[in-house]
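As structure tokens, the structure follows; a few thoughts come after it.
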Amino acid sequence: MELGIIWIILIALVALIAGAALGFFIARKYMMNYLKKNPPINEQMLRTLMMQMGQKPSQKKINQMMKQMNNQMDK
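Structure representation (structure tokens):
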């Protein structure tokens, strides 16, 4: 009788750990795809940020910074 209870507890713990790990990876994949489709910063936000810091942003500089951020997100 005690052996059956131990097996039930063991199976429940394994299922709980597996479910938590699976949920974590599914949530991580969903967020990565969401951030790739909807980046948290766009060119207009970057231009405004640079102007607030006292810089006159050129389109070339904005493109470089956007490319760097996209490369960082791909890693």
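Going by UniProt numbering, the first residue of the sequence shown is number 1, and it counts up by one from there.
Each residue gets a CB set at the ideal place from its N, CA and C atoms; glycine is no exception.
About 6 Å separates the CB atoms of Glu43 and Met66; that is less than 8 Å, so the two are in contact. Each residue's CA atom was taken as its position, placing Lys61 and Ala20 some 43 Å apart. Between the alpha carbons of Met50 and Gly23 lies a gap of roughly 39 Å. Contact between Pro57 and Arg47 is confirmed by a C-beta separation of about 5 Å, below the 8 Å threshold. DSSP places Met32 inside the alpha helix (DSSP H), whose first and last residues are 2 to 37. In this chain, the alpha helix (DSSP H) harbouring Lys61 covers 59 to 74.
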